[in-house]
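Here is the structure we will look at.
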Amino acid sequence: MSAQVEKMIDMIAKFVGHTAKKLPDDVIAKLEELRSKEDSALAKVIYDTMFRNQELAVKLNRPSCQDTGVLQFWVKCGTKFPLIDDLEALLKEAVVKATFETPLRHNSVETFDEYNTGKNVGKGTPTVWWDIVPHSDTCEIYTYMAGGGCTLPGHAMVLMPGEGYEGVAKFVLDRMTTYGLNACPPLLVGVGVATSVETAALLSKKALMRPVGSHNENPRAAAMEKLLEDGINAIGLGPQGMGGKYSVMGVNIENTARHPSAIGVAVNVGCWSHRRGHIIFDKDLNYKITTHSGVQL
Numbered sequence: 010m011s012a013q014v015e016k017m018i019d020m021i022a023k024f025v026g027h028t029a030k031k032l033p034d035d036v037i038a039k040l041e042e043l044r045s046k047e048d049s050a051l052a053k054v055i056y057d058t059m060f061r062n063q064e065l066a067v068k069l070n071r072p073s074c075q076d077t078g079v080l081q082f083w084v085k086c087g088t089k090f091p092l093i094d095d096l097e098a099l100l101k102e103a104v105v106k107a108t109f110e111t112p113l114r115h116n117s118v119e120t121f122d123e124y125n126t127g128k129n130v131g132k133g134t135p136t137v138w139w140d141i142v143p144h145s146d147t148c149e150i151y152t153y154m155a156g157g158g159c160t161l162p163g164h165a166m167v168l169m170p171g172e173g174y175e176g177v178a179k180f181v182l183d184r185m186t187t188y189g190l191n192a193c194p195p196l197l198v199g200v201g202v203a204t205s206v207e208t209a210a211l212l213s214k215k216a217l218m219r220p221v222g223s224h225n226e227n228p229r230a231a232a233m234e235k236l237l238e239d240g241i242n243a244i245g246l247g248p249q250g251m252g253g254k255y256s257v258m259g260v261n262i263e264n265t266a267r268h269p270s271a272i273g274v275a276v277n278v279g280c281w282s283h284r285r286g287h288i289i290f291d292k293d294l295n296y297k298i299t300t301h302s303g304v305q306l
């Protein structure tokens with residue numbers, strides 16, 4: 010194993026561990042905003058408990074949620090990045106390292122054999138999705154901890170074209186009223202609108218990597234984000250589902266073109282403890298972290 014590979018394994022492991030303990034800057038800012046807007050005493054107590062949780066996670070140097078999830082990575086890598094050939098294997102090694110050093114709960118169970126590997130890795134875990142960038146020598150990595158309540162219980166289906174965008178809105182709201190509480194509100198809602206179940210599902214996951222408060226570049230899609238946000242807030246889930254004016258941190262829609270006779274749609278949610286990280290490496294493994302300020306790896 011080369012020195013560069015070992016260095017990157019160590020940095021990714023430390024970054025994964027950090028994201029387990031401290032939420033991204035944009036998530037913390039949004040939670041502070043929502044806390045200030047809630048009127049009920051119970052909602053404010055719940056938000057105070059969330060922030061106390063964050064203080065103790067940093068102070069005691071331990072994960073802020075007992076379910077540290079399945080590690081998932083979205084890799085946007087240049088073809089000229091020097092470690093592109095080693096990247097998937099080193100991400101797996103980084104997860105094992107983070108599991109013992111952070112530490113992280115063991116969440117990788119081999120399907121059918123039904124045993125926990127004890128390392129957070131197994132057949133197909135961690136999950137790695139790739140976007141290849143021609144002629145680039147940099148590598149962006151989004152890390153995400155997908156828990157049993159957030160993200161993993163997503164839903165996807167293909168609508169008939171006659172259902173239109175009203176059908177998309179109905180699908181999202183139906184899912185949010187039936188399983189929205191499976192995660193811990195306020196939620197970040199990712200919606201994918203595409204041409205099949207698998208393309209929509211991937212986009213709904215990718216939507217959760219976007220910053221809180223960002224908007225789809227298509228003005229019609231951005232308008233639907235706002236309509237869905239208002240609609241889900243009107244359900245009245247509130248923090249931890251105990252009632253309140255705000256149920257979501259936002260709704261992020263990602264979309265592609267579609268077949269004229271089908272509309273693929275999917276929804277995924279991240280809970281208030283939205284443990285997303287984004288780090289960019291250059292060819293010399295100098296790094297920039299966009300989600301968390303003041304991190305030294």
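All residue numbers for the sequence shown refer to our numbering, where the first residue is 10 and numbers rise by one. C-beta atoms are modelled at their ideal positions from N, C-alpha and C, and glycine is treated no differently.
Give a yes or no on whether the C-beta atoms belonging to residue i and residue j are separated by under 9 angstroms.
i: L168; j: V36; result: no
i: G378; j: D239; result: Nothing about residue 378 can be read from this structure; the chain reaches only from 10 to 306.
i: S145; j: K89; result: yes
i: L315; j: P195; result: It is not possible to answer for residue 315, since the shown part of the chain is limited to 10 through 306.
i: V79; j: P135; result: yes
i: K23; j: A107; result: yes
i: I272; j: T204; result: yes
i: M218; j: Y153; result: yes
i: T147; j: D291; result: yes
i: M258; j: V202; result: no
i: F82; j: I141; result: no
i: N277; j: G163; result: yes
i: V137; j: E97; result: yes
i: T265; j: G286; result: no
i: V260; j: I241; result: yes
So what does DSSP say about residue i, is it helix, strand or coil?
i: Y124; result: strand
i: V310; result: What is shown of the chain runs 10 to 306, which leaves residue 310 out entirely.
i: V304; result: coil
i: Q249; result: helix
i: L217; result: coil
i: L80; result: strand
i: V130; result: coil
i: T208; result: helix
With respect to the alpha helix (DSSP H) encompassing residue i, which residues constitute its N-terminal and C-terminal limits?
i: K89; result: From DSSP, K89 is part of no alpha helix (DSSP H); its letter is neither H nor E.
i: T58; result: A50 to L69
i: T108; result: L96 to E110
i: N242; result: P228 to I244
i: S223; result: No alpha helix (DSSP H) holds S223; DSSP gives it neither H nor E.
i: E41; result: D34 to K46
Along the chain, where does the beta strand (DSSP E) that runs through residue i open and close?
i: K16; result: Premise fails: K16 lies in the alpha helix (DSSP H), A12 to K30, not in any beta strand (DSSP E).
i: Y296; result: Y296 to I298
Is the Cβ of residue i closer than 9 angstroms to any Cβ of chain D?
i: E226; result: The displayed structure is made up of one protein chain only, and chain D is not part of it.
Inter-stretch contact at 8 angstroms, needing at least 3 Cβ pairs: the stretch 121-134 / the stretch 42-61:
no
Go through the stretch 257-284 residue by residue and report every complete run of the alpha helix (DSSP H) that reaches 4 residues or more, in order.
Counting only runs of 4 or more residues that sit fully inside the stretch 257-284, no alpha helix (DSSP H) segment turns up.
Residue ranges of each beta strand (DSSP E) within the stretch 138-200, 3 or longer
148-155 and 164-168
Are three or more beta carbon pairs between the stretch 76-87 and the stretch 47-66 nearer than 8 angstroms?
no
With a threshold of 8 angstroms, are at least 3 pairs of Cβ atoms found where one atom belongs to the stretch 61-71 and the other to the stretch 114-128?
No, the stretch 61-71 does not touch the stretch 114-128.
Should the stretch 54-62 be regarded as contacting the stretch 242-256, the criterion being three or more beta carbon pairs within less than 8 angstroms?
Segments in contact, yes.
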